[in-house]
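Protein chains: 2
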Amino acid sequence: MLLALAGGVGAARLLRGLVDVMAAADITAVVNTGDDIVLHGLHICPDLDTVTYTLADAVDGGRGWGLAGETWAAMETLERYGGHTWFRLGDRDLATHLFRTQRLTEHATLSEVTAAVARAWGVGVRLLPMSDDRVETRVTIAGPAAGTSVEVGFQEWFVGRGHGVAVESVRFLGAEDARPAPGVLEAVASAEHVVICPSNPIVSIGPLLAVPGVEDAVAARRDEVVAVSPIVAGAALKGPADRMMVDLGHEASVVGVARLYAPLAGTLVIDEADAGLADAVEAEGVRAVVAPSVMTGRAEAAALARAVLAARPSP
Amino acid sequence: MLLALAGGVGAARLLRGLVDVMAAADITAVVNTGDDIVLHGLHICPDLDTVTYTLADAVDGGRGWGLAGETWAAMETLERYGGHTWFRLGDRDLATHLFRTQRLTEHATLSEVTAAVARAWGVGVRLLPMSDDRVETRVTIAGPAAGTSVEVGFQEWFVGRGHGVAVESVRFLGAEDARPAPGVLEAVASAEHVVICPSNPIVSIGPLLAVPGVEDAVAARRDEVVAVSPIVAGAALKGPADRMMVDLGHEASVVGVARLYAPLAGTLVIDEADAGLADAVEAEGVRAVVAPSVMTGRAEAAALARAVLAARPSP
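If you're matching them up, the sequences are chains A and B in order. Mapping to my numbering: the first sequence position 299 is 300, numbers consecutive. Mapping to my numbering: the second sequence position 12 is 13, numbers consecutive.
Right under this line is the structure:
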């Protein structure tokens, strides 16, 4: 069994690649829910949905999120009201949030809803939210007046402000009281492969590690854990991981990633573009495995998946 | 100023007629919210939306509710999940519920949200919910086992079961603790015309009267109040008012309507088809005014509106 710690688009693509090279039923993905947002009364789980839609081959490939062939009648009408349209919800995508919210009001757990949604899309990978409890990634940014700061929800920063504002700090509200979702710790402990997907280390993987017990469980598997760098040639392939790392005092490079993951991952897969930094990665105490890691298509994702499976050190 | 007590489709059509014969700004409609339902986490107000969409000339004329030219992508996708699709929500209509729910979570009152929605649709009539507090129309019907009863929400019966099951009793949960929405009692007291629209007396007008103070306020205007019968030739024009009246021990005729409204309305407008029952209506102590009351189109609605205005006894 393979256990993947997953954020959004990058994780979804690697998981799609893994499904092409091993049995979906042998894969468990623990997915970040710190990005979740309650908007219009609806419980929205962007990373879970991105992973689900991608594994169902239903994702909009261009955007990387949402459903292909989506329509936007609800959002267009919401504009008439001056409602919150900054977080785009397609008409078909809305159904996912309607279903999830209804089931949660009926006291289903997020784990149960996640499994039901995945089943409805024919997804064979076992998807677990990191927790059934609410954990909110909150971001502190510069306030409107000089010298002030303001804390906003992750999506207000990421989508609402186009992640164009420097981040002063990040915290995971509720994490200390959250419990890992059923099966998470067991899966980390028993998996043959433990993979940290190429997701933002701070706001995609960070929330998972903030749930009590998860970081320790991953660290206990440290020598076998394989992480995939989300930074290639000093830049994030998607999203603001590079700038955020710099804002928070880290180096936006595979070396910076290696430093962040050194206590958790014995191996880091880095792109060929960063082959010259392999020694610097290894100087951080992390084995460097060089492989093409830019998943431009399904074939590239499958190739990376093979490289990740091969990167695990032999026992 | 004209004050209308309003339910759904019949009330919406009469209000549309009134707007053609008097200034919209001189009309206030107090609308039933006992039919409201929280589904998928969304706060849905079917009667308010029917009135709003009808006054905006945006309603689906065939159905009588929802928006014309609607699409159903969200509902179609919700079927994939086995979600609650019995209550049909069009993609554009969903925006109304998203906006309302978001504003309510931001602590706006239902009155404020209702005004904002009406304004967005260019509706000149002042629309008031009967109350900003939650009142739920609950219906007791036969249970699954012989001799048992079960209580369900109004929409579960009306839409979910196609109102095909006999009603044993009706109650308005929360009504005793509800307050009339701001302006309701003042409007009833000060209106030149007080009109009870052709809506179901029990489950459309009944909830309004169950809000403390409303029935007394209407009764105080009794001699000037003009009701329009929702029953024509012994049948409801739309919906289950006729069967429900019989189920609950009333006569499904203009005479039965006159008996129900006698304490509240000095005048009842009845259709020409019921002209032969005018004397029987008057025997209940209610003036009968005969006028064509079937609103097959906008011209007929305007004609009925004129008849209603003329039906008010001269002071």
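Backbone N, C-alpha and C fix where the C-beta goes; we use that ideal spot for every residue, glycine too. Values in this document were obtained by computation on a predicted structure and should not be read as measured data.
Any C-beta of chain A under 8 angstroms from that of residue i
i	result
residue 156/B	no
residue 95/B	yes
residue 118/B	yes
residue 141/B	no
residue 54/B	no
residue 110/B	no
residue 92/B	yes
residue 69/B	no
residue 100/B	yes
residue 29/B	no
residue 75/B	yes
residue 174/B	no
residue 115/B	no
residue 72/B	yes
Classification of residue i by the beta-carbon crowding that lies within 10 angstroms, buried from 16 upward
i	result
residue 108/A	exposed
residue 9/B	buried
residue 47/A	buried
residue 158/A	buried
residue 14/A	buried
residue 83/A	exposed
residue 313/B	buried
residue 51/A	buried
residue 29/A	buried
residue 311/A	exposed
residue 266/A	buried
residue 230/B	buried
residue 104/B	buried
residue 66/B	buried
residue 115/A	buried
residue 257/B	buried
Interface flag, residue i vs chain B, CB-CB below 8 angstroms
i	result
residue 1/A	Look at the range of chain A in this structure, 2 to 316, and you will see that residue 1/A is not part of it.
residue 159/A	no
residue 223/A	no
residue 15/A	no
residue 85/A	yes
residue 121/A	yes
residue 82/A	yes
residue 1/A	No statement about residue 1/A is possible, as the shown extent of chain A runs from 2 to 316 and does not include it.
residue 278/A	no
residue 78/A	yes
residue 106/A	yes
Counterpart residues of residue i in DSSP-defined beta bridges
i	result
residue 143/A	150/A
residue 181/B	132/B
residue 173/A	138/A
residue 197/B	6/B and 228/B
residue 166/A	Residue 166/A pairs with nothing; no bridge assigned.
residue 104/B	Per DSSP, none; premise fails for residue 104/B.
residue 127/B	29/B
Distance CB(residue i)-CB(residue j) smaller than 8 angstroms
i	j	result
residue 101/B	residue 126/B	no
residue 239/A	residue 91/A	no
residue 222/B	residue 74/A	no
residue 171/B	residue 214/B	no
residue 161/A	residue 137/A	no
residue 112/A	residue 99/A	no
residue 259/A	residue 243/A	no
residue 286/B	residue 263/B	yes
residue 4/A	residue 121/A	no
residue 255/B	residue 232/B	yes
residue 195/B	residue 166/B	no
residue 179/B	residue 132/B	yes
residue 56/B	residue 34/B	no
residue 85/B	residue 40/B	yes
residue 142/A	residue 124/A	no
residue 249/A	residue 6/A	no
residue 290/B	residue 270/B	yes
residue 31/A	residue 185/A	yes
Just list the alpha helix (DSSP H) runs in the region 206-290 of chain A, keeping only unbroken ones of 4 residues or longer that don't cross its boundaries, in chain order.
207-211, 215-220, 242-248, 255-262 and 279-284
Counting only runs that start and end within the region 12-87 of chain B, where is the alpha helix (DSSP H) found for 4 or more residues in a row?
47-56 and 74-81
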